[in-house]
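Residue numbering for the sequence shown follows my numbering, starting at 1 and increasing by one per position. Where a beta carbon is used, it is the ideal one built from N, C-alpha and C, also for glycine. To start, the structure itself, in structure tokens.
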Amino acid sequence: MAANRLGWALNSPLFDDPVRPVNHARFRFLNPRAVDFYRDWDVAARDIVAVLRAEAGKNPYNQELTGLIGELSKRSEEFRRLWAAHDVRLHRSGMKRLHHPVVGDVDLSYEGLELPSDPELVLFVYTAEPASSSQQALDLLASWAATPARQERAERRCRRGT
């Protein structure tokens, strides 16, 4: 997972999780902070399970993916319940409703763009409604992310590969 500085700041609860590598599915199901971070946790959980199931169908021999699914199956009752529903779908666009610990509630539209040079990679672009409280929160978050202490911390994590 890669992100620009604002992406790091927006997803700081995810990046602050000491478990490596950073993974949205692992954070959603195994970190209790995820319930507060994702205001629509149930929708976010269903979406990530559906994506994992679709990826598992495309790449059944991917050991990293099967390892993650196994870990989540062992450690999360909710993941097991959703996995058993056999929902398979890609979500390339939609709405993220987050509660950030610094700036509060943020609603973002997103669009996933496949990269022609590598169809396995998807670039997600997030936008807030202009002049909305979410846009104001992002502006504040961008200035918070630009502080020297946050920059140094993000750079150290990048050097460690996290």
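- Of the candidates 46, 125 and 42, the residue whose Cα lies closest to the Cα of residue 89 is 46.
- Within the model, the alpha-carbon separation for residue 33 versus residue 75 is close to 16 angstroms.
- Exclusion of the five residues before and after residue 81 leaves no residue of its chain whose Cβ lies closer than 6 angstroms to its Cβ.
- As the crow flies, the alpha-carbon of residue 16 is around 14 angstroms from that of residue 30.
- Distance from the CA of residue 3 to the CA of residue 141, rounded to the nearest whole angstrom, comes to 14 angstroms.
- A straight line joining the alpha-carbon of residue 57 with that of residue 14 spans about 26 angstroms.
- Excluding the 5 residues flanking it on each side, residue 6 has same chain C-beta neighbours closer than 6 angstroms at 142 and 145, in chain order.
- Per DSSP, reduced to three states, the secondary structure at residue 97 is strand.
- When the Cα atoms are used, residue 93 and residue 136 turn out to be separated by approximately 22 angstroms.
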